[in-house]
Amino acid sequence: MVVSSQSVLDDSLSETGNPINNFKVGIPVIDLSRATQKALLFQACKEYGFFKVINHGIPTKLIEKLEQEAMRFFNLSQTEKEKAGHGHPFGYGSKRIGPNGDVGWIEYLLFSASQQYVSGRFTASLPVSFRKLLDAYIKEVKTLACNILERMAEGLELESKDVQSKMLQNEKNDSFFRINHYPTCPNLLKAQCGQNMIGFGEHTDPQIISVLRSNNTSGLQISGKDGNWISVPSDSNSFFINVGDTLQVLTNGRFKSVKHRVLADGRDSRLSMIYFAGPPLTEKIAPICSLMDDGEESLYKEFTWSEYKMSVFKSKLADNRLQIFEKTTTAALQ
1 MVVSSQSVLD DSLSETGNPI NNFKVGIPVI DLSRATQKAL LFQACKEYGF
51 FKVINHGIPT KLIEKLEQEA MRFFNLSQTE KEKAGHGHPF GYGSKRIGPN
101 GDVGWIEYLL FSASQQYVSG RFTASLPVSF RKLLDAYIKE VKTLACNILE
151 RMAEGLELES KDVQSKMLQN EKNDSFFRIN HYPTCPNLLK AQCGQNMIGF
201 GEHTDPQIIS VLRSNNTSGL QISGKDGNWI SVPSDSNSFF INVGDTLQVL
251 TNGRFKSVKH RVLADGRDSR LSMIYFAGPP LTEKIAPICS LMDDGEESLY
301 KEFTWSEYKM SVFKSKLADN RLQIFEKTTT AALQ
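Note that the UniProt record's numbering has the sequence shown beginning at 1, numbered continuously upward.
As structure tokens, this is what we get:
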């Protein structure tokens, strides 16, 4: 259990317009067993920057066993959990999200996942069974991410379908894997109507895409085009895909990086596992040349992934991190 100071609780408990009862819309669903959904995939990335995938091919038993190991870890005493590092950036962390004052009702494990296995000195403190499951899962989810990126390339009618996925195949890719645990929050049961505990504040993901799987506890919300928060129904049998900032730049704004957040629950804990697909640090990020129409200008200044990461680390969670790299006004992306 995460034990937060009252100041952290006060910072995380906020008026959110009672989003638990907010409206729901149909989240786009992509069936990966069908090869004829590139138009739907394109539309989902353009309109939402977010979609659900079914028939993904990742073994259910692997997912369930990894979730069990993760919960076994989070149920340890605080002293035992802190043996897995202090989240700077890898290892175990709680409450604080990043170095710039953002907080949430959360604890997590963060791993480097650039290879087909987790790495970091702190991993030696984890049970061998946990590490083996992590390695097996990351291999599967990386394959899934590449599959999705190649389908996106087909939807964009790119000349080469691996123009994006090859960044992940590069042995120097800068990908991460994160397991988030949002414990039950008793304070919510005593909170005023319209207040909710922020588990993870609103933000966009800086990477290319994020591949998320969670248990059956809801809490994830995405921001619609009108700014309203859309509650995403939980589905432990599926994966959810976020378009990240990098993919928005690679597509010159055709695909939208989705703003999202997680709310804590008063009765049930939420566990989510996210693979963040990142390019190599030296990769130059700019719109894909073969995608650009005649006369179309880039909306962004070229930058390396390393430069963007440094910029992200200096920002607050809710900041528009792409803004300083834009050549034109944000209105051009609407």
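C-beta atoms are modelled at their ideal positions from N, C-alpha and C, and glycine is treated no differently.
Worksheet item: Given that a residue counts as buried once 16 or more other Cβ atoms are within 10 Å of its Cβ, and exposed if not, what is Gln323?
Response: Classification of Gln323: exposed, given that the 10 Å Cβ count is below 16.
Discussion item. Taking the alpha-carbon of Asn215 as reference, which of Leu281, Leu247, Asp235, Glu159 has the nearest alpha-carbon?
Written reply: The shortest Cα separation from Asn215 among Leu281, Leu247, Asp235, Glu159 belongs to Asp235.
Item to complete: On the DSSP bridge assignment, give the partners of Pro280 in chain order.
Response: According to DSSP, which records beta bridges pairwise, Pro280 is partnered with Asn173.
Worksheet item: Which residues mark the beginning and the end of the beta strand (DSSP E) in which Asp31 is found?
Response: Unbroken beta strand (DSSP E) run through Asp31: 29 to 31.
Discussion item. Using C-beta distances below 7 angstroms, list every residue in its chain close to Glu283, excluding the 5 sequence neighbours before and after it, in chain order.
Written reply: The residues are Met167, Thr304, Trp305.
Practice prompt. Could you name the residues of the same chain whose beta carbon sits closer than 6 angstroms to that of Leu149, not counting the 5 residues immediately before and after it, in chain order?
Written response: Around Leu149: Gln164, Ser165.
Worksheet entry | Beta bridge counterpart(s) of Met273 as assigned by DSSP | Within the DSSP bridge table, the entry for Met273 names Ile179, Arg213 as partners.
Worksheet item: So Ser231 packs on Ser218, CB below 8 angstroms; how close in whole Å?
Response: In this structure Ser231 is in contact with Ser218, their Cβ atoms being roughly 7 angstroms apart against a cut-off of 8 angstroms.
Fill in: Limits of the unbroken alpha helix (DSSP H) element including Ile63
For Ile63, the uninterrupted alpha helix (DSSP H) run begins and ends at 60 to 74, by DSSP.
Practice prompt. State the Cα-Cα distance for the pair Lys24 and Ser175, rounded to the nearest angstrom.
Written response: In this prediction, Lys24 scores a pLDDT of 44, lower than 50, which makes its location untrustworthy; no coordinate-derived value is stated.
Item to complete: Please name the residue in Phe51, Thr143, Thr36, Pro279 whose C-alpha comes closest to that of Pro28.
Response: Closest option to Pro28, Cα to Cα, is Phe51.
Worksheet item: Could you give the distance in angstroms between the alpha-carbon of Lys259 and the alpha-carbon of His203?
Response: Roughly 5 angstroms separates the two Cα atoms.
Item to complete: Taking Ile209 and Gly244 to be in contact with their CB atoms under 8 angstroms, please state how far apart those CB atoms are, rounded to whole angstroms.
Response: Contact flag correct, Cβ pair sits at about 6 angstroms.
Worksheet item: In terms of alpha-carbon separation, which member of Arg267, Leu212, Met310 lies closest to Phe276?
Response: From the listed residues Arg267, Leu212, Met310, the smallest Cα separation to Phe276 is found for Leu212.
Discussion item. Using 7 angstroms as the threshold, is the C-beta distance between Arg151 and Leu41 below it?
Written reply: A contact, by the Cβ cut-off of 7 angstroms.
Discussion item. Cutting at 8 angstroms between CB atoms, please list the residues of its own chain near Lys38, excluding the five before and the five after it.
Written reply: Within the same chain, Cβ atoms closer than 8 angstroms to the Cβ of Lys38 are found at Arg151, Glu154, Gly155, the five residues on either side in sequence being excluded.
Discussion item. Per the DSSP calculation, His203 is bridged to which residue(s)?
Written reply: Partner(s): His260.
Worksheet item: In whole angstroms, what is the alpha-carbon distance linking Gln207 and Glu80?
Response: The straight-line gap from Cα to Cα measures roughly 31 angstroms.
Worksheet item: DSSP three-state call for Ile230: helix, strand or coil?
Response: Under the three-state reduction of DSSP, Ile230 is assigned to strand.
Fill in: Length of the line joining the Cα atoms of Pro186 and Gly104
Each residue's alpha carbon lies about 15 angstroms from the other.
Worksheet item: Near Lys327, which residues of its chain fall below 8 angstroms by C-beta distance, leaving aside the five closest residues on each side in sequence?
Response: Closer than 8 angstroms at the Cβ level, and outside the excluded window around Lys327, lie Glu297, Ser298, Leu299, Tyr300, Lys301.
Worksheet item: Can you give the Cα-Cα distance for Ile106 and Ser94, rounded to whole angstroms?
Response: Ile106 and Ser94: Cα-Cα distance of roughly 6 angstroms.
Worksheet item: Which whole-angstrom value is the C-beta distance of Val141 and Ile58, which I expect to be below 8 angstroms?
Response: Correct: roughly 7 angstroms between the Cβ atoms.
Discussion item. Using a 10 Å radius around the Cβ and a threshold of 16 neighbouring Cβ atoms, would you call Asn21 buried or exposed?
Written reply: Legend: pLDDT at Asn21 = 34, less than 50; position of this residue unreliable, no value from coordinates given.
Discussion item. Classify Gln169: buried if its beta carbon has 16 or more other beta carbons within 10 angstroms, exposed otherwise.
Written reply: Classification of Gln169: exposed, given that the 10 Å Cβ count is below 16.
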